[in-house]
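Q: In my numbering, the protein residues as written are 27 to 1191. Every residue, glycine too, gets a C-beta built ideally from N, C-alpha and C. Only a predicted model underlies this, so the values are computations on that prediction, with no experimental measurement involved.
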Amino acid sequence: PLPRPSPANSSTPTSAANPASTIASNTYSGGTTLVGGTLAIASHNNIGGTTTPITFNGGLLRLNGIGITSLSAHTINWSTFNGGLDIADPAHTFTLGTVIGGTSFTKAGSGTLVLSATNTHTVGTTITGGVLSVTNTAQLGATNAPLNLSGGTLRLTTGSTSTLARTTTLTNASSIDITQAAAVITMSQPIGGTGSITKLGLGKLVLGAANTYTGQTTISAGIVQITHANALQNSTVNLAGGTLDLNGLAASVGGLAGTGTVDVKGTKLTLGASNQDSTFAGNITSSIGVGSVEKVGTGAIDLTGTNTYTGGTTLTAGTLGITNDTDIGNTATSAITFQGGRLRINGTTLTSMGTHVVNWSTFNGGFDIADAAHTFTVSSVIGGIGSFTKAGAGVLVLSGANTFSGGTILKTGTLSISSDTAGTSHLGGTTRAVTFDGGILRITGSAIANLNTHAVNWSTFNGGINVDTAAHTFTISQVLGGAGSLTKAGAGTLALSSANTFTGDTNLSAGILRLTNADALQNSNLVPGGGVIDLASVTSGNIGGLKGSGAWNLSGETVNVGNNNQNTNYSGVLSSSVAGAAFNKIGTGTLTLSGANSFTGPITIKNGAISISSIAAAGTNSPLGPGGTAGAASASTLVIDGGTLQYNGGGASTNDRLFSVGPNGGLVECAGAGLLKFTNAGAIGMTGTGDRTLTFGGVNSDCEMKFAIGDPSVGKTSLRKIDGGRWIMTQTSPLTYSGDTIIEAGILIPTAATNILPHGAGKGNLVMDEGQFEMNGRDLTINGLIGGGNINNRTSTKLLTIGDGTLNGSVYDFYGTISNGGGTVTNVTKIGSGTQIFTGRNRYQGTTTVSGGVLQVNGAHDFNHTGYLVTSGKLEVGDAISATATPAPLTATGAGIIDLNAGSSFRASTVNSTTTILNDGALSTGAGGAIPGITGVGTLIATGGTLTSATGIRQGSISLSGNATIAVTTNGFSTGVTKVNAVNIASDGGTGYAGTLQLNDNDLVIDYTASTTSYATTLAMVKKGLTVLGGNGKGIASAAVDGGSSGKMLGVIDGGATGGVVTSLSGFTIPNPSASVLVKYTWRGDINLDGVVNGSDYALADTGFSGGGTGGWFYGDVNYDGVVNGSDYALIDTGFSSQTGPLPEPAMLGALGMAAMGLLRRRRS
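1) Could you give the uninterrupted runs of the beta strand (DSSP E) lying entirely in the segment 187–238, keeping only those of 3 residues or more?
2) Determine the direct distance from the alpha carbon of residue 195 to that of residue 397, and round the result to whole angstroms.
3) Could you check which residue in 524, 569 and 563 has the C-alpha nearest to that of residue 533?
4) Find the nearest neighbour of residue 1219 within the set 942, 374, 1158 and 412, judged by alpha-carbon distance.
5) Quick one: what's got a C-beta closer than 7 Å to residue 640's C-beta in the same chain, skipping five residues either side?
6) I'd like the list of long-range same chain contacts for residue 951, defined as Cβ closer than 6 Å, with 5 residues on each side in sequence excluded.
7) Where does residue 731 fall in DSSP's three states?
8) Count Cβ pairs between the segment 1022–1041 and the segment 1117–1125 that sit closer than 8 Å; are there 3 or more?
9) Starting from the Cα of residue 830, find the closest Cα among 824, 604, 857 and 845 and give me that residue.
10) Check this for me: beta carbons of residue 1279 and residue 572, under 8 Å apart or not?
11) Which residues does DSSP list as the beta-bridge partners of residue 825?
12) Which residues mark the beginning and the end of the beta strand (DSSP E) in which residue 1044 is found?
13) Just how far apart, CA to CA, sit residue 60 and residue 87?
14) Using the Cβ count rule (16 or more neighbours within 10 Å means buried), how would you classify residue 566?
15) Hey, how far is the Cα of residue 947 from the Cα of residue 986?
16) I'd like to check one pair, residue 904 with residue 882: are the Cβ atoms closer than 8 Å?
17) Report the CB separation of residue 1015 from residue 988 in whole angstroms; it is logged as a contact under 8 Å.
18) Restricting to runs no shorter than 3 residues, where is the beta strand (DSSP E) found entirely within the segment 632–701?
19) Can you tell me which of the three DSSP states residue 975 falls into?
20) Taking all protein chains shown into account, decide if residue 1033 is buried (16 or more other Cβ within 10 angstroms of its Cβ) or exposed.
21) For the alpha helix (DSSP H) that residue 364 lies in, which residues bound it at each end?
22) Measure the alpha-carbon distance for residue 286 versus residue 216 and round it to whole angstroms.
23) At which residue ranges does the segment 458–502 contain complete alpha helix (DSSP H) runs of 4 or more residues, listed in the order of the chain?
24) In this structure, does DSSP put residue 1169 in helix, strand or coil?
25) Based on the DSSP output, what are the partners of residue 838 in its beta bridges?
26) Rounded to whole angstroms, what is the Cα-Cα separation between residue 874 and residue 708?
27) Return the residue from the list 183, 923, 1048 and 164 that minimises the CA-CA distance to residue 957.
28) Who are residue 394's beta bridge partners in DSSP?
29) Can you find the residues in the same chain that come closer than 7 Å, C-beta to C-beta, to residue 898, ignoring five residues on each side of it along the sequence?
30) State buried or exposed for residue 1073, treating a residue as buried only when at least 16 other CB atoms are found within 10 Å of its CB.
31) Enumerate in chain order the residues of its own chain whose CB-to-CB distance from residue 253 is below 8 Å, with the five nearest sequence positions on each side excluded.
32) I need the straight-line Cα distance from residue 1170 to residue 981, nearest angstrom please.
33) If residue 602 sits next to residue 620, beta carbons under 8 Å apart, how far is it from one beta carbon to the other, in whole angstroms?
34) Label residue 170 either buried or exposed according to how many other C-beta atoms from any shown protein chain fall within 10 Å of its C-beta, with 16 as the threshold for buried.
35) How would you call residue 682, buried or exposed, if buried means at least 16 neighbouring beta carbons within 10 angstroms?
36) Below 6 Å CB to CB, which residues in the same chain sit around residue 730 once its five sequence neighbours on both sides are set aside?
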């Protein structure tokens, strides 16, 4: 509804963008303006009452219902009118007697509007629906105002003669209704547009201009008369009850349809200029003179009525169809002139031209024999310079000694000839052109062996040859090219002797198609429908493709099908009557086989795919043939050698078939909705020699294979899984192939309890990409593990064993994941001498055992869920590894080696080893352990327990917390030197420490060049660590000092304060002696650290005492109280009297040499 107006005198406009309808009774009085669109009312009160102003300024007023019969009480801008009325109800007739001026007027709606005034609007009248009724043409506006018929009907009710002298445009299907029989309405100006027009009413409509409209003209009643020859030149006239009067003009009509009468009145009627097809069942007659018909244009017009014109018929272009003689005149002798067009023979009544007078000597045109079961014969001699065209599905027989020189064109159907010798050639002469454009040339008898002397369109050939006589052979030795097809019909033989290049189909319906060149059909799809393909002279042939439903029997030859790389379907039966036949699928396309083939093979898939929807049991005919005998499948009957066997069935296909794999490998694809299940446990075959890969793919899940897979006599077989589906390995014995097992996508899952994948000497590796191998609760042993993807164990505790790979010393990088389902455990064991690298985020929960070769872990490998046992192999932890969550034990026994690279951070609950650990990263232990030694530039972190090293520690730093202990075993003054850059022991929350570095009887060197472990810090840790100095045993401690005789002590020397004498005092080379601290296990009072307490030591103490009593151990402060006094001398005396002989110097130089070698060893990238 319209918005309620506010002031009582306001008006409401509508526009094209805001059409509106009113329902309520409105009370505004200011008037209504129609600017665009439509305003709908059902009563005067909808627009304020019966007298409110209405201004038409571009919009339409719709009158709904039949309640409004007049607008006379309203004030309307009739003199400046621009708009229209929409009479909505088909039952409503509204009369308007006021003069309409202004510009344009539009009639819309399904109802009737009667105009009774002489209107003066100048821009024109448009009718879009319903009926606009006028008494005379002046009521349509100014004399020159155009008329636009865009639907609806213009009704003229006058009973007299009137001229509609205004241009008219047809934009939609419209009508003109002249109601009075005595009325004559002449449209003297051109009519254009694309719409159609229907003549209604008893009166006469006269068309007096060269009209250009292209829509149909339907005459439903009355008469349409033309006074201009081109009044209907582009329109097809449909006589549907009315009459077309040509008025004695040689008129051109676009087309003719319907059942009425056309009177040519002694002139020529030209039909077909609109190039449209139509059928006319009426009567073309001539009430004056003879009258004639000419067919022009490219369309086809069928005449099915009894026509009585007698002036003859000219075929200039297109097709004119007849069924009987009388369709083209009232006698069987009427003239027919072929001047470029074709005569269509419909039905089977006419078998020849009979007694018609035909311009045979100047012939130019052809025949269209429409009915495929009909034969039409031309025995007359055809001459002239024109061409002869055969069209239609039927047969046309030429039997005259023709002389026409324009050539023969075969469009469709069959043209039959029996002679092509000079003087009697049915083709116009032995050198005339013959163009195959879809039709078939039938050769009857045995006189015509070829068309070698004719100019034939071999390079663009599209047609066929019917060799009618069984004993006759017709040969095409030229190269057939183009995109056209070849049809072989008839009982005789057609021989092709060239390497043809045409790409259309080859349709074999009867007789013999003999290929004397192996490439005669190399690009063409063979469509068997009967007959025989003879390859005897070449023994093999390349066929572009195979399609259709006809049977094909091979007689010992080899056929290579698929050379044109197209996808085709063949539902026929493939068979073989002679042993030795072979069927090879080549090319990249897919050949779908669905017939019950009895061909015994072999069928070899060399390229592309053979697609099937079912596989029967061995011995039963199926798309792949019988495949052996019942219960005895033969692997040799189907060979996959570079191509794909695709199963696309909707249901499950369980079968006992076997197949062979060639040197080029192959793919078995489970692509349909149903499951493909190979249940035969026998071995598939291997043809030829050399390495090959058998691939399994498809998006379907749970397709199965049970057959054994081995190697060829020479070479290896690899197994590959692609696509997203899952293939189940139901084999019960380990497979014996020697190549890799490759999983690029999807899932490969075994069901047997045994290790199904081949492994051991000479076997391949498991190569993963993005797919998954599901252990399915089975142990798995493989040689090497390469690539990405996932190995998953979902059931129970199982073992994954990884060996060497194919060669000892090989390196294999696995960046995928090894995982297990909830509640299950996967143990991993590395054997052999090769190197296996893990760089993925493995999450298996179990023990990792390295008992041979090297297991290197890099990247995102997760150590948090597994324990590590290194027996006789080597565990390398690569850069950027962080294992900081739940710790796991790290153990090396026997000859096992643990090696942590720089950047790694490894946390273990316990660290045990019988070989030296190489740590350039960060090794953390929370429960201690026992190791023979640890070297490298990494960080050793103890957060709990006691970690004991038998041969000292060479690390970048040592960190302790949680009351952990790092201890060096008592060595008896031999090899237990510890060399680090920093010692960090966490605070106990007070003044003490929460960890212990237990040196026992070993020495410690700290290079504090780049750390905060200064001499003072070191001394503080020693004082807290030695109970003999009042410490609590936490810090840097020595059980040998605290538990031994009172003559032993840890001497602490700062190279920065002693001029770098740490080197000379320690007995071994130190890289930064002026920035190092030496903690040396020695006698109390061995101030110069030469291993004995003697006068030299007393002399140094005297120097220290004389110098003010400071200077640390090196100057006599052997109790570390900050002064040199009597207490120190007493301790020196104790050391002197306690020594039983010179203390041996520790072999520190050799130890530090070993450390230097560790620092300089080659780093892994």
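A: On the basis of the supplied data:
1) 187–190, 194–196, 200–204, 210–213, 217–219, 223–226 and 230–233
2) 42 Å
3) 569
4) Residue 1219 lies beyond the range of the chain shown here (27 to 1191); nothing can be said about it.
5) 648, 649, 675 and 679
6) 934, 937, 968 and 973
7) strand
8) no
9) 857
10) With the chain running from 27 to 1191 in the structure shown, residue 1279 is simply not present.
11) 853
12) Unbroken run through residue 1044 is the alpha helix (DSSP H), 1041–1051; no beta strand (DSSP E).
13) Using only the alpha carbons, I get a separation of about 7 Å.
14) exposed
15) 16 Å
16) yes
17) Not confirmed; about 12 Å, so no contact.
18) Every beta strand (DSSP E) of 3 residues or more that sits fully in the segment 632–701 is shown, in chain order, as 635–638, 664–666, 670–673, 679–681 and 692–696.
19) strand
20) buried
21) Not the alpha helix (DSSP H): residue 364 falls in the beta strand (DSSP E), residues 361–371.
22) Here the C-alpha atom of residue 286 lies approximately 25 Å from the C-alpha atom of residue 216.
23) none
24) Confidence is the limiting factor: at residue 1169 the pLDDT is only 44, short of 50, which leaves the residue's position unreliable and the question unanswerable from this model.
25) 862
26) The straight-line gap from Cα to Cα measures roughly 37 Å.
27) 923
28) Paired residues: 370 and 417.
29) Result list for residue 898: 877, 878, 920, 921 and 922, in chain order.
30) By the neighbour-count rule (16 or more Cβ atoms within 10 Å), residue 1073 is buried.
31) 212, 232, 233, 234, 273 and 275
32) With a pLDDT of 38 at residue 1170, under the threshold of 50, the modelled position of this residue cannot be trusted; read the value that follows with caution. Distance between the alpha carbons of residue 1170 and residue 981 is about 26 Å.
33) Going by Cβ atoms, the distance from residue 602 to residue 620 rounds to 18 Å, so no, they are not a contact pair.
34) exposed
35) By the neighbour-count rule (16 or more Cβ atoms within 10 Å), residue 682 is buried.
36) 703, 754 and 756
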